[in-house]
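A short write-up of the structure that comes next.
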Amino acid sequence: FRPDYRALGRLKDLFPGVPRLAVTATADTRTREDILEQLDLTKPVVHVASFDRPNLALAAEPKEGNRAQRVVSLVKARPGLSGIVYAATRNATEDLAEALERAGISSLAYHAGLDADVRAERQRRFLLEDGLVMCATVAFGMGVDKPDVRFVIHADPPKTMEAYWQEVGRAGRDGEPAEGVALYGPADMRRSLSWTYESDAPEAVKRVQITKTRQLFAFFDGDDCRRAAVRRYFGEEGVEACGACDICRGESGDPYDATRWAQMAVSAVLRCGQKIGRGRLINHLLGQAKDSFDEELSTQSTYGIGKNMPKQGWSRVFDALLYDGVLAEGGEMNRPAMIVPDAEAARALFRGERTLMLRADPAATRKRSKGKSRVAAQALADMSERDQALFDNLRIWRTETAKTRGVPPYVIFHDRTLAEIARERPNGADELRLISGVGEKKAQRYAEDVSRIISEAA
Numbered sequence: 001f002r003p004d005y006r007a008l009g010r011l012k013d014l015f016p017g018v019p020r021l022a023v024t025a026t027a028d029t030r031t032r033e034d035i036l037e038q039l040d041l042t043k044p045v046v047h048v049a050s051f052d053r054p055n056l057a058l059a060a061e062p063k064e065g066n067r068a069q070r071v072v073s074l075v076k077a078r079p080g081l082s083g084i085v086y087a088a089t090r091n092a093t094e095d096l097a098e099a100l101e102r103a104g105i106s107s108l109a110y111h112a113g114l115d116a117d118v119r120a121e122r123q124r125r126f127l128l129e130d131g132l133v134m135c136a137t138v139a140f141g142m143g144v145d146k147p148d149v150r151f152v153i154h155a156d157p158p159k160t161m162e163a164y165w166q167e168v169g170r171a172g173r174d175g176e177p178a179e180g181v182a183l184y185g186p187a188d189m190r191r192s193l194s195w196t197y198e199s200d201a202p203e204a205v206k207r208v209q210i211t212k213t214r215q216l217f218a219f220f221d222g223d224d225c226r227r228a229a230v231r232r233y234f235g236e237e238g239v240e241a242c243g244a245c246d247i248c249r250g251e252s253g254d255p256y257d258a259t260r261w262a263q264m265a266v267s268a269v270l271r272c273g274q275k276i277g278r279g280r281l282i283n284h285l286l287g288q289a290k291d292s293f294d295e296e297l298s299t300q301s302t303y304g305i306g307k308n309m310p311k312q313g314w315s316r317v318f319d320a321l322l323y324d325g326v327l328a329e330g331g332e333m334n335r336p337a338m339i340v341p342d343a344e345a346a347r348a349l350f351r352g353e354r355t356l357m358l359r360a361d362p363a364a365t366r367k368r369s370k371g372k373s374r375v376a377a378q379a380l381a382d383m384s385e386r387d388q389a390l391f392d393n394l395r396i397w398r399t400e401t402a403k404t405r406g407v408p409p410y411v412i413f414h415d416r417t418l419a420e421i422a423r424e425r426p427n428g429a430d431e432l433r434l435i436s437g438v439g440e441k442k443a444q445r446y447a448e449d450v451s452r453i454i455s456e457a458a
């Protein structure tokens, strides 16, 4: 619970007998209990709504290669759609926005280092323009009321599930199909944990924060339905698979029991004295001594036992063990070493009481998804090339009309409404008002323009 809010508990003494209502968007069971305690609520009626977002398709993928290129690829797969790309630093937002602009995608950077008037202008543009992509830090989002954000991409993941769900939840608030794609890697977890270690928070708070960070990365790297995992995290029971996330769609391959490989990796860490990093450990497992130091360790029984696994596969195993908390990175900042922080967790792994499941066989060649958009596919479903051309022209008209009126495009018509207009091609106000999302006033106001665009496309 936020420390500044704890003073609200005094309201009970200052205003005895006055009813109090506490409302929050994303709080797990432990946080909800803390809220009740800190506010000193006596026998309160607690209502917890479902965290389910049926229109939101989630996906996560390990960072491989150039991050900016991957973000550009993902955005290109969603042409003409409004979205948010979250990054951890101000420089990263600027770099990503520049990369998108070079690729011909309208994009802006947003962070706390910009002047207030620049931030206000960029937020205004994001609300009013179609197809604009905002590359932002967490400074962007609170109070941004744009219901037709079609995707949120995490170029860098946040620190907790709560933060992730708030940020990815900014997509699809209009109830239409939307997507969230997270890119993650061990360096991201290391950064998040470092911020926690270096903070001034009490040790008990740090421990909770560290657990939450590990839970988030285990979620990203897991083989469980995304939406079901989120709902269980927030305390919901009896949840079913969503059928829409990358796991449910089978984009990551079949779940693979990598416990045997995990046992080898942890054995190597212990045999090598918990004093060398991932790169040397992988070379050790592959039986590849690069220098005299490696040769000294070649007498250990774990030397060369992992020859049948490619180097990339071993990286995946070590990543998963880090996310799972079986391994951690210790040593000096410039010379991190793999360590076993929890001896009991390691023993449970060796006894077979604890397993390591990966989203695919780590020994197999990894195929990256092309990032094809479910949203784009659904928006254009059953639409001919002729209808698609009309739909594009209607969107251009909507953008120009919205600018003239000084309102967001969705206030004119939602994409779903424009798609139906493109398919049905209504003639005049009487037919236009039969389209879903078109009321009497809009039919009268826009019938002439819509009819003109339809006739020009005929």
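Quick note: the sequence shown, position 93, residue 93 per full-length UniProt numbering, numbers continuous.
Built from N, CA and C at the ideal position, the CB exists for glycine as well.
Three or more Cβ pairs closer than 8 Å define a contact, and the segment 239 to 250 meets that threshold against the segment 48 to 65. Under the three-state reduction of DSSP, leucine 132 is assigned to coil, being neither helix nor strand. Around alanine 112, the same chain offers Ala139 as residues with beta carbons nearer than 6 Å, after the five sequence neighbours per side are excluded. Looking at Ala182, Arg214, Pro186, Phe151, the one whose alpha-carbon comes closest to that of arginine 173 is Phe151. Restricting attention to Phe234, Tyr410, Phe350, the CA atom closest to the CA of threonine 31 is found in Phe234. Where glycine 313 is concerned, the enclosing alpha helix (DSSP H) starts and stops at 311 to 324.
Three or more pairs of CB atoms, one per stretch, sit closer than 8 Å, so the segment 410 to 417 contacts the segment 434 to 451.
Phe15 is the residue among Ala60, Phe51, Phe15, Val48 whose C-alpha sits nearest the C-alpha of leucine 39.
According to the DSSP secondary-structure assignment, proline 62 is paired through a beta bridge with Tyr184.
Here alanine 289 has Glu295, Ser298 as same chain residues with Cβ atoms under 6 Å from its own Cβ, once five neighbours each way along the sequence are excluded. Taking the C-beta atoms as reference points, threonine 259 is found no nearer than 8 Å to leucine 216. For phenylalanine 350, the enclosing alpha helix (DSSP H) starts and ends at 343 to 351. Using a C-beta cut-off of 8 Å, the segment 112 to 121 makes no contact with the segment 390 to 407, since fewer than three inter-stretch Cβ pairs fall below that distance. DSSP, read as helix, strand or coil, puts glycine 175 in coil.
In the DSSP annotation of this structure, the continuous segment of the beta strand (DSSP E) that includes tyrosine 110 starts and ends at 107 to 110. In the three-state DSSP reduction, isoleucine 396 falls in the helix class (H, G or I). Approximately 6 Å separates the beta-carbon atoms of methionine 338 and arginine 278; this is inside 8 Å, confirming the contact. Burial is judged here by how many other beta carbons sit within 10 angstroms of a residue's own beta carbon; isoleucine 396 has fewer than 16 and is exposed.
Around glycine 131, the same chain offers Gly80, Leu81, Ser82, Ser106 as residues with beta carbons nearer than 7 Å, after the five sequence neighbours per side are excluded.
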